[in-house]
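Numbering (my numbering), first residue to last: 14 to 121.
For every residue, glycine included, the Cβ atom is placed at its ideal position computed from N, Cα and C.
A quick write-up on the structure given underneath.
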C-alpha cells in the first residue's frame, strides 16, 4: 500500500515565511533611499568629509539591498529544495518538529 502524498508542513511554513520576508525586504530595499536622496540633492553640506559621507551612504545603501536580496534568495532556494507534498508519516514528523515537540526521530 502506498502512502497518499499530503501537504508538507515545512513547505507551507517556508512559503508563509517567504511572504513575511518579502515584506521586510521591500522595506530594507528602500530604507536608505530617502536619506540618500536628501543628501544627494541640494548642497547642504559640502567638502571632502561630506563627499566621503555621501559615498559611504551610497555604499551602505547598496550593501543593505544586496544583503536583503541574499536573504530572500536563500529562502527561495530552501523552498525549491523542499517538496510541497510528502508522505503522511513525514508530514507528522515535520509538524512535530515545527511545533517544537520532541521526537524520537530528531537528529542531533
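Item: What three-state label does DSSP hand residue 118 in the structure shown?; Value: Bear in mind that a pLDDT of 47 at residue 118, under 50, signals an unreliable position, so the model cannot answer this.
Item: I need the DSSP call for residue 20, collapsed to helix, strand or coil.; Value: strand
Item: How far does the alpha helix (DSSP H) with residue 71 in it extend, from its first residue to its last?; Value: 61-94
Item: Whose C-alpha, out of 32, 105 and 38, is nearest the C-alpha of residue 76?; Value: 38
Item: Please report the distance separating the alpha-carbon of residue 99 from that of residue 111.; Value: 15 angstroms
Item: Are three or more beta carbon pairs between the region 58-76 and the region 88-99 nearer than 8 angstroms?; Value: no
Item: Looking at the structure shown, is residue 99 part of a helix, part of a strand, or coil, going by DSSP?; Value: strand
Item: For residue 57, does the three-state DSSP call read helix, strand or coil?; Value: coil
Item: How is residue 27 classed by DSSP in three states: helix, strand or coil?; Value: helix
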